[in-house]
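For what it's worth, my numbering labels the leading residue of the sequence shown as 8, then goes sequentially.
Even for Gly, the Cβ is constructed at its ideal location relative to N, Cα and C.
The structure displayed is predicted, hence computed values, not measured ones.
Below is one structure, written out as structure tokens, with a few remarks after it.
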Amino acid sequence: MQRTLLFTFLFSSFLSLLTACTSQEIDSTSLPSTPVPFVTSTQGPSQTPEGLVAAETPLPSPTPFTYTIQQGDTISSIALQFGVSMDDLQAANPEISPNTMSIGQVIKIPSDPENPSGEPTPSPVPFTIRQIECYPTVNRGMWCFVLTHNDFSDFMENVSAQVTLVDSDNTTLASQTALLPLNILPPNTSLPLIVFFPPEIPFDAKPQVQVLTAIRLLPNDERYLPATINNTLVQVNAEGRSTHVSGQVLLPDDAKAARQVWVTGTAYDEAGRVVGVRRWEWSAGLAAGGRLPFEFMVSSVGGKIERVEFAVEARP
């Protein structure tokens, strides 16, 4: 059965700013909290964003680097993916048996062979941060978007950054990890890292962003399928605060069948700032050579929507 889901993007317990599955009706429910006139740390889409912190700067709350086991993962494939030895990976996770790993299980990724269970994280693959935007809500929460861009011809995975809110005295107010709405960042594509800070956050809090993780996938990684998006239509309402989007996901004839398909729509205002994101989900399968129609709503937490960009992820 087709249905629509909508949930808050709290990444200790959230996934994407708004999520939907297919529906005969489009759920136009608004965001969890009504936005107020926003603050931004970006000088312009083409300039280096203010608030970007050097990688060597100590984080307010360091977090060990972990990986969530996906379908098809083995101890050897994970070791190869992260560039560590199987022995080091097993030493970092002595409680986990390689033969009984389960989907959704979280394991530690060692970055130092001399200290396989230590805190430091592997050096992330470099990627571009194009803008940092934060939007207060009327109940004194705050949404933050960190627009990332993959300059490589290969996919990237596990892209994340630490977003720290500070006051006028540069005192830390809150700090959380921001994640993408997809597991991957496709080649030559921009997607926002997203995080929501619950109340109470001062209206004039400023973000600082530090890159945490990013992995460059090996060519022809079998965990992701070569899906594409076609025939997209974007219809912005008269107020410019929401838009109805639709299109098709295409899977090549020679690809494996997809078990899961995700589509994201990222809304931008006239100045090129990210103002909203929504993720549409499909878990009823897509055959090789098939076409999957989608439609959903994207709402703005900032200015009027000018355009929407799409990205797709399909997994066997």
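Selection 279, 318, 95 and 320 evaluated against residue 140 yields 279 as nearest (Cα-Cα). Comparing C-alpha distances from residue 230 to each of 110, 131, 117 and 321 shows the shortest one belongs to 321. Taking a contact as a CB-CB distance under 8 Å, the pair residue 215 and residue 171 counts as one, their CB atoms being some 5 Å apart.
Taking residue 114 as reference, the option from 135, 273 and 95 with the minimal CA-CA separation is 95.
By the neighbour-count criterion, in which 16 or more other beta carbons inside 10 Å mark a residue as buried, residue 285 falls on the buried side.
Residue 317 holds the alpha-carbon nearest to the alpha-carbon of residue 251 among 161, 201, 317 and 99.
Under the DSSP assignment, residue 99 falls in the alpha helix (DSSP H) whose first and last residues are 93-99. For residue 298, the enclosing beta strand (DSSP E) starts and ends at 298-306.
Per DSSP, reduced to three states, the secondary structure at residue 191 is strand.
Its Cα nearest to that of residue 236, the residue 269 stands out among 108, 227 and 269. When the five nearest sequence neighbours on each side are left out, the beta carbons in the same chain lying within less than 7 Å of the beta carbon of residue 273 are those of 198, 199, 281, 284, 315 and 316, in order along the chain. Short of 6 Å from the beta carbon of residue 310, and not among the five residues preceding or following it, lie these beta carbons of its own chain, in chain order: 276 and 282. The residue among 150, 158 and 144 with its C-alpha nearest the C-alpha of residue 136 is 158. For the 8 Å CB-CB criterion, residue 162 and residue 192 form a contact. Going by beta carbons, residue 210 and residue 143 fall inside the 8 Å limit. Non-local C-beta neighbours of residue 187 in its own chain, meaning closer than 7 Å and more than five positions away in sequence, comprise 166, 198 and 200, ordered along the chain.
Using a C-beta cut-off of 8 Å, the stretch 247-263 makes contact with the stretch 292-300, since at least three inter-stretch Cβ pairs fall below that distance. Comparing alpha-carbon positions, the option among 160, 238 and 307 lying closest to residue 249 turns out to be 307. Per DSSP, residue 78 lies in no beta strand (DSSP E) segment and is marked neither H nor E. Listed in chain order, the non-local C-beta contacts of residue 108 below 6 Å within the same chain comprise 76, local neighbours out to five positions each way being set aside. An exposed status is given to residue 245, since fewer than 16 other beta-carbon atoms sit within 10 Å of its beta-carbon. Contact annotation: residue 234 and residue 323 have beta-carbon atoms that are not nearer than 8 Å. Secondary structure of residue 222 (DSSP, three-state): strand.
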